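Chemist: This structure is in structure tokens; I'll ask about it shortly.
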Amino acid sequence: NSSSTSSCTQCGTKFHSIEALARHLHLSHNDTCDENMRPCPECGEGYPSEDDLKEHMLHHHKEESVNCDD
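Under the working numbering, the residue at position 15 of the sequence shown is numbered 16, and the numbers go up by one with no gaps.
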């Protein structure tokens, strides 16, 4: 499922986890988003808590939720 991957907004590299993207941003692009931050999968901006990330997503990346039932 391609929707489960996150892409780096700076270079386009794809990652299978948010943690891997955060590590990449920090190490490869000297981003302020460290491993304890949660990067937005849409824009890569980092947030200190899951609640902050959810609030950002609601305000800046509104989209329909898609639930996949197996």
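We treat Cβ as the ideally placed atom computed from N, Cα and C, and that holds for glycine.
Note that the structure is a prediction, hence the values are computed from the model and not measured.
#1: Nearest by alpha-carbon distance to Asp53: which of Cys9, Lys63, Met38 and Gln11 is it?
#2: Closest to Ser8 by CA distance: which of Pro42, Asn31, Lys63 and Arg24 is it?
#3: Straight-line CA distance for Phe16 to Leu59?
#4: How far does the alpha helix (DSSP H) with His50 in it reach, from first residue to last?
#5: Within the continuous alpha helix (DSSP H) that includes Ser18, where are the two ends?
#6: Assuming Leu26 and Pro49 form a contact by the criterion Cβ under 8 Å, report the distance between their Cβ atoms to the nearest whole angstrom.
Modeler: Result, derived from the coordinates:
#1: In the sequence shown, residue 53 corresponds to position 52, counting from 1. For Asp53, the nearest C-alpha among the options comes from Met38.
#2: Locating residue 8 in the sequence shown gives position 7, where the first residue counts as 1. Of the candidates Pro42, Asn31, Lys63 and Arg24, the residue whose Cα lies closest to the Cα of Ser8 is Pro42.
#3: On the sequence shown, position 15 is the one that residue 16 refers to. On the sequence shown, position 58 is the one that residue 59 refers to. Those two C-alpha atoms are separated by around 22 Å.
#4: Numbered from its first residue, the sequence shown carries residue 50 at position 49. Per the sequence shown, residue 50 should be read as Ser rather than His. Counting along the chain, no alpha helix (DSSP H) covers Ser50, and no H or E run does either.
#5: As a first step, residue 18 is located in the sequence shown; it is residue number 17 there, counting from the start. Premise fails: Ser18 is in no alpha helix (DSSP H) and is neither H nor E.
#6: Mapped onto the sequence shown, residue 26 falls at position 25. Mapped onto the sequence shown, residue 49 falls at position 48. Going by Cβ atoms, the distance from Leu26 to Pro49 rounds to 15 Å, so no, they are not a contact pair.
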